[in-house]
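See below for the structure under consideration.
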Amino acid sequence: MRRRAESSGHIAVEGSIVMIDLDRFGEVVEERGWSEYQPNPATGLLTSLVESFLRKWHGVIVYGLDETRGTEEAVIEIPLVEPVELRRDLERIQRELNSIGVGVTIVAVKGYVLGKPARSRREAYTATPFRRYAASLLREAKRRGGNRLIIA
Numbered sequence: 183m184r185r186r187a188e189s190s191g192h193i194a195v196e197g198s199i200v201m202i203d204l205d206r207f208g209e210v211v212e213e214r215g216w217s218e219y220q221p222n223p224a225t226g227l228l229t230s231l232v233e234s235f236l237r238k239w240h241g242v243i244v245y246g247l248d249e250t251r252g253t254e255e256a257v258i259e260i261p262l263v264e265p266v267e268l269r270r271d272l273e274r275i276q277r278e279l280n281s282i283g284v285g286v287t288i289v290a291v292k293g294y295v296l297g298k299p300a301r302s303r304r305e306a307y308t309a310t311p312f313r314r315y316a317a318s319l320l321r322e323a324k325r326r327g328g329n330r331l332i333i334a
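Going by our numbering, the sequence shown opens with residue 183, and the numbers climb by one from there.
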């Protein structure tokens, strides 16, 4: 197990950073007449899938899990787990969302994880070089049409 101290006084360990984002969410909500402000079939399903994923892998939700409104995006850290180990569960999340006609882009990268929730959306996506890398992969995949799973 590799550890290193962060300047903020927190211990960081190697693990996986996972970012999940529903594709074209605004368009899908409008097309189907779903609510943006309470769980709809997509955000409710993603909330449930993320909660199950967190329990299985002992992950930490850094940002995005919202049971009140439904989850549109999530940033998750999982200490001491390689991204490749998560592949089957991430494929399952993608498959289940695709089965209701919703695209989702998922990125999992290896890096140091802090294991604590972010104070803001910006911090969730930029607090570490590994999160910035994952966020750049996510943006690029969405620009190329989305509905992709990237393990890096």
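C-beta: ideal position from N, C-alpha, C; glycine also.
Asked	Found
Relative to the C-alpha of V291, which candidate in K324, V200, R325 has its C-alpha closest?	V200
Name, in chain order, the residues that DSSP records as bridge partners for D308.	A small fix is needed here, since residue 308 is Thr in this sequence, not Asp. Partner(s): none; T308 has no beta bridge.
Mind the definition here: the region 249 to 260 touches the region 232 to 241 only if three or more C-beta pairs lie below 8 Å; say whether that holds.	yes
Looking only at DSSP bridge pairs, what is K238 linked to?	Answer is none; K238 lacks a bridge partner.
Apart from the five residues on each side of it in sequence, which residues of its chain come closer than 7 Å, Cβ to Cβ, to F339?	Lying outside 183 to 334, the shown extent of the chain, residue 339 is not represented and no answer is given.
Quick one: give me the first and last residue of the alpha helix (DSSP H) that L272 is part of.	269 to 281
Classify M183 as buried or exposed, calling it buried when 16 or more other Cβ atoms lie within 10 Å of its own Cβ.	Unreliable positioning characterises M183 in this predicted model, as indicated by a pLDDT of 44, which lies under 50. The coordinate reading is nonetheless provided below. Flag for M183 reads exposed.
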